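Reading through the structure tokens given below for one structure.
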Amino acid sequence: MKKYLKYLPMFFLFAAPYVLLFVMVVVCWVENGLTATALGIILISFVVIILLIYIPNTIYAVILLIKKEESQNILLWNFILKMFHIPFYIFMFILGLLFSIMLLFTIPLVIIIIVMDYTLFWATSLYGIVGIIQAKREKI
Numbered sequence: 005m006k007k008y009l010k011y012l013p014m015f016f017l018f019a020a021p022y023v024l025l026f027v028m029v030v031v032c033w034v035e036n037g038l039t040a041t042a043l044g045i046i047l048i049s050f051v052v053i054i055l056l057i058y059i060p061n062t063i064y065a066v067i068l069l070i071k072k073e074e075s076q077n078i079l080l081w082n083f084i085l086k087m088f089h090i091p092f093y094i095f096m097f098i099l100g101l102l103f104s105i106m107l108l109f110t111i112p113l114v115i116i117i118i119v120m121d122y123t124l125f126w127a128t129s130l131y132g133i134v135g136i137i138q139a140k141r142e143k144i
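Quick note: to get the working numbering, add 4 to the position in the sequence shown (first position is 1).
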């Protein structure tokens, strides 16, 4: 159990986009649509997830590099993270596509979706970058 404890930040990163998606659905359901209040709550929850999960994960990836964690472990977890997030990316792509059909009214929503995707992409890709740097140090 203790050996998996060091990967706890990654477990939070597994759940973060799906928690945000759940918040989006529940808030829109309670507010009977995407109102200004719902959009505000979604943005606040997104900022909270960035501050509590994404930024600490980027810092933790650098800590793994400093601690000289094995590159194979880092790259394995990066692979698992990416595979786990594929359904989220597909859903967000479809959602962005649907919103872009009504381009005039939903430009802010498309921008929010793009920012959500890229922040998640950055948080997970940093593990891959760190794994590659570590593999180069290990001369693999």
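We put the CB at the ideal spot given by N, CA and C, even for glycine. Since we're looking at a predicted model, the values are computed, not measured.
By the beta-carbon neighbour count (other beta carbons within 10 angstroms, threshold 16), Y8 is exposed.
With a cut-off of 8 Å on Cβ pairs, the stretch 49–64 is in contact with the stretch 123–134, counting three or more such pairs. For the alpha helix (DSSP H) assignment, the uninterrupted runs of no fewer than 4 residues enclosed by the stretch 35–84 are, from N- to C-terminal side, 40–53 and 59–70. When the five nearest sequence neighbours on each side are left out, no beta carbon in the same chain lies closer than 6 Å to the beta carbon of K140.
By the beta-carbon neighbour count (other beta carbons within 10 angstroms, threshold 16), P112 is exposed.
Judged by their CB atoms, P13 and F92 are not nearer to each other than the 8 Å cut-off.
I78 places its beta carbon less than 8 Å from that of L68.
For the pair I105 and M28, the Cα-to-Cα distance works out to about 20 Å.
With contacts defined as CB atoms closer than 8 Å, F97 and V114 fail to qualify as a contacting pair.
With respect to L38, C32 sits close: the two C-beta atoms are nearer than 8 Å.
Closest in C-alpha terms to G132, from the list G44, Q76, S49 and T41, comes Q76. Taking 8 Å as the cut-off, the beta carbon of V66 is found closer than this to the beta carbon of V134.
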